[in-house]
Amino acid sequence: MAIDTAAAKQQVLDAADALFYERGVQAVGMDAIRTASGVSLKRLYQLFPSKDVLIEAYLDRRNILWETMLNEHVEAKTDPRDRILAVFDFLYDWSQQRDYRGCAFINAFGELGSVSPRVAELALQHKEGFRQALIGLAKAAGAEDPDRLADHLILLSEGAITRSAISGGSDPALRAREAASLILDASLRH
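Residue numbers (the UniProt record's numbering): 1 to 190.
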């Protein structure tokens, strides 16, 4: 029995997400995605005409996942300062996931950013979206220079993401939260 288009797409994206995130986008071929998804190669190419299109769909999906997880942590807090620190709580929780390999966008950019303008563009959009979210949180907290505060916070965040992936532990997210707290103390004085 043939599965409908939406279900087949979901199966392919589930398989691609797991394999790309675990192994990297270049190391995984369409045959591996076919095998993992259970969708025939012909059907897979009907749904995603090229691996590049599938990589874009994977990154789009990861962006939605990232924003959802981040927003859940931030929205759980009411105090503006605590909402900023919730970003680092999110990073801590995320880095404790069994399959954590850091940022899919940094990983994909590292593999393809110099040869795929679209991957580079998606990575930049994702990082700029995160920066804009931090600017919004900094403004809500009454920062004198929200852009500068957001730039400081994003550097801490990106460092924690990468360091946690490399070290295989969550301590970098804790240290980044401590540093963010110190920066907030200095930036939010009135």
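Heads up, the beta-carbon is just placed ideally off N, CA and C, and yes, glycines get one too.
Since we're looking at a predicted model, the values are computed, not measured.
query: Enumerated in chain order, which unbroken segments of the alpha helix (DSSP H) with a length of 4 residues or greater are wholly contained in the stretch 101 to 178?
result: 104 to 112, 117 to 140 and 146 to 167
Where residue 70 falls: helix, strand or coil (DSSP): Counted from its first residue, the sequence shown places residue 70 at position 70. If DSSP states are grouped into helix, strand and coil, residue 70 belongs with the helices.
- prompt: Beta-carbon separation of residue 135 and residue 150 under 8 Å?
  reply: Position 135 of the sequence shown, counted from the start, is the residue given in the question as residue 135. Position 150 of the sequence shown, counted from the start, is the residue given in the question as residue 150. Yes, Cβ-Cβ distance for residue 135 and residue 150 is below 8 Å.
query: Can at least three beta-carbon pairs, one atom from the stretch 43 to 57 and one from the stretch 108 to 126, be found at a separation below 8 Å?
result: yes
message: Distance check for residue 82 and residue 170, CA to CA, integer angstroms please.
response: Numbered from its first residue, the sequence shown carries residue 170 at position 170. Numbered from its first residue, the sequence shown carries residue 82 at position 82. Roughly 20 Å between the two C-alpha positions.
- prompt: How would you write the range of the alpha helix (DSSP H) that residue 10 sits in, first residue to last?
  reply: Locating residue 10 in the sequence shown gives position 10, counting from the first residue. Per DSSP, residue 10 belongs to the alpha helix (DSSP H) from 5 to 23.
- prompt: How many angstroms separate the CA atom of residue 105 from the CA atom of residue 126?
  reply: Position 105 of the sequence shown, counted from the first residue, corresponds to residue 105. Position 126 of the sequence shown, counted from the first residue, corresponds to residue 126. Using only the alpha carbons, I get a separation of about 8 Å.
query: Over what stretch of residues does the alpha helix (DSSP H) that includes residue 47 continue unbroken?
result: Counting from 1 along the sequence shown, the entry for residue 47 is found at position 47. Residue 47 -> alpha helix (DSSP H) spans 41 to 47.
query: Any idea if residue 19 is buried or exposed, counting beta-carbon neighbours within 10 angstroms, 16 or more meaning buried?
result: Along the sequence shown, read from residue 1 onward, the residue named residue 19 stands at position 19. Buried: at least 16 other Cβ atoms inside 10 Å.
query: What's the gap between the Cα of residue 98 and the Cα of residue 155?
result: If you number the sequence shown from 1, residue 98 lands on position 98. If you number the sequence shown from 1, residue 155 lands on position 155. Distance between the alpha carbons of residue 98 and residue 155: 24 Å.
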